[in-house]
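**Student:**
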Amino acid sequence: MSKFKEFFSFNKAERRGVFVLLILIMILLIYRVFGPFTVSRMVDQSEFDYEVANFLKSTEKPNVQEKQKEFRKKKSTNSKKQIVLQLHPFDPNLMTHRQWLEMGLSERQARTIEKYKSKGGRFREPEDFKKMYCITETEYEKLSPYIIINIPENDESSATVEPILNISLNNVGMEEIQCVRGIGPSYAKRIIKYRQLLGGYVNVSQLMEVYGMDSSRYLSISPHFTVGLDSIKQISINAANYSQLRRHPYISDQLAYEITHYRSLHGDYRKLEDLKKINLVNESLYQKIYLYFAVESK
Numbered sequence: 244m245s246k247f248k249e250f251f252s253f254n255k256a257e258r259r260g261v262f263v264l265l266i267l268i269m270i271l272l273i274y275r276v277f278g279p280f281t282v283s284r285m286v287d288q289s290e291f292d293y294e295v296a297n298f299l300k301s302t303e304k305p306n307v308q309e310k311q312k313e314f315r316k317k318k319s320t321n322s323k324k325q326i327v328l329q330l331h332p333f334d335p336n337l338m339t340h341r342q343w344l345e346m347g348l349s350e351r352q353a354r355t356i357e358k359y360k361s362k363g364g365r366f367r368e369p370e371d372f373k374k375m376y377c378i379t380e381t382e383y384e385k386l387s388p389y390i391i392i393n394i395p396e397n398d399e400s401s402a403t404v405e406p407i408l409n410i411s412l413n414n415v416g417m418e419e420i421q422c423v424r425g426i427g428p429s430y431a432k433r434i435i436k437y438r439q440l441l442g443g444y445v446n447v448s449q450l451m452e453v454y455g456m457d458s459s460r461y462l463s464i465s466p467h468f469t470v471g472l473d474s475i476k477q478i479s480i481n482a483a484n485y486s487q488l489r490r491h492p493y494i495s496d497q498l499a500y501e502i503t504h505y506r507s508l509h510g511d512y513r514k515l516e517d518l519k520k521i522n523l524v525n526e527s528l529y530q531k532i533y534l535y536f537a538v539e540s541k
């Protein structure tokens, strides 16, 4: 019995070790019991809260008053961008760049008008001012009553007016077209290349579609040209395929498809007006393209 008792007796150092061991065991037990709950409480829920907030916001009905306020603000901003013309009598031949700006025209408009004048352009009647492509129809209607043009009878510029050449725009070659003042080799090449793409010009105003052409140059050169429709190369609307149609500058890829698709569904076009049955072809586009088409059976 004494030996058994001696087996369970501990000295001071052993008792201290057992005490430390018990403390470590208790710490491990506490961590095992409460540790998972502590970690779960520390999980970052900010992303979840953000998604919930977005969802709740999407379900809210829009504030009508705020929408109306925003619309009025945008409308007010747009109205401020509108140019207000300072109307007073003026002679466009005598106006300076600064005076155009003071009148209310934009920098681009003033620059275009002065460039036209610097190349010898003159306004001889109010209608000439309407030919400036930088001036809108609305602006011209406001300005025209105030246009006063005074050209003296002995004006030297009137005596040295450049003669009109009357060149056929659809038949002129590279050398002849350069006889027109303002057309060099580069513009001559562009004008003829665009003529080939179109199949011919049906109106002199199409020169404005030539790459790099500006209003002042157009006004200077256009009086020298005439257009003959006999030289127009027309496209057979019943024979041309998708690839042939889309090469024309006025025919988009979608329109080329619609033209051929309509033909496959309804047969040959009987008249050019049938093009208007295609949704993409409005009256404006029809007037622009119909001279380039011919109705011919396959």
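Each residue of the sequence shown is one higher than the one before, counting from 244 in this note's numbering. No residue lacks a Cβ here, since even glycine has one placed at the ideal position from N, Cα and C.
How would you label T339, buried or exposed, when you count the other beta carbons within 10 angstroms and need 16 or more for buried?
**Tutor:** With fewer than 16 other Cβ atoms within 10 Å, it is exposed.
**Student:** Per DSSP, T355 forms a beta bridge with which residues?
**Tutor:** Beta-bridge pairing links T355 to no other residue.
**Student:** Exposed or buried, which one is I270 when buried takes at least 16 other CB atoms within 10 Å?
**Tutor:** Exposed: under 16 other Cβ atoms inside 10 Å.
**Student:** Using a threshold of 8 Å, state whether the C-beta atoms of Y359 and S458 are closer than that.
**Tutor:** Yes, the Cβ-Cβ distance between Y359 and S458 is below 8 Å.
**Student:** According to DSSP, is S387 part of a helix, a strand, or is it coil?
**Tutor:** The answer is helix: DSSP assigns S387 an H, G or I state.
**Student:** Ignoring anything shorter than 4 residues, give me the alpha helix (DSSP H) runs that lie fully in the stretch 467–507, in order along the chain.
**Tutor:** Taking only runs of at least 4 residues, the alpha helix (DSSP H) segments lying wholly in the stretch 467–507 are 485–489.
**Student:** Spatial neighbours of Y512 within its chain, please: C-beta separation below 6 Å, excluding the five flanking residues on both sides.
**Tutor:** Same-chain partners within the cutoff: I480, N481 and V538.
**Student:** Return yes when the Cβ of Y535 is within less than 8 Å of the Cβ of H504, no when it is not.
**Tutor:** Not in contact: H504 and Y535 (Cβ atoms no closer than 8 Å).
**Student:** Excluding the five sequence neighbours on either side, which residues of its own chain have a C-beta within less than 8 Å of the C-beta of N321, listed in chain order?
**Tutor:** In this predicted model, N321 has a pLDDT of only 46, less than 50, meaning its place in the structure is not dependable; the value taken from the coordinates is given anyway. Same-chain partners within the cutoff: there are none.
**Student:** Output needed for Q352: all residues of its chain with C-beta closer than 6 Å, excluding positions within five of it in sequence on either side, in chain order.
**Tutor:** C377.
**Student:** In whole angstroms, what is the alpha-carbon distance linking R424 and Y454?
**Tutor:** So the alpha carbons of these two residues sit roughly 18 Å apart.
**Student:** Roughly how many whole angstroms lie between the Cα atoms of S349 and S465?
**Tutor:** Going by the C-alpha atoms only, they are around 25 Å apart.
**Student:** Please name the residue in Y383, L337, L488 and L441 whose C-alpha comes closest to that of G364.
**Tutor:** With distances taken between Cα atoms, G364 lies closest to L337.
**Student:** Identify which residue in D371, V415, G260 and E526 has its Cα closest to the Cα of V470.
**Tutor:** The candidate whose alpha carbon is nearest that of V470 is V415.
**Student:** To the nearest angstrom, report how far apart F314 and Q530 are at their CA atoms.
**Tutor:** Its pLDDT being 46, under 50, F314 is placed unreliably in this model, and the value from its coordinates should be taken loosely. Taking the straight line from one Cα to the other gives about 38 Å.
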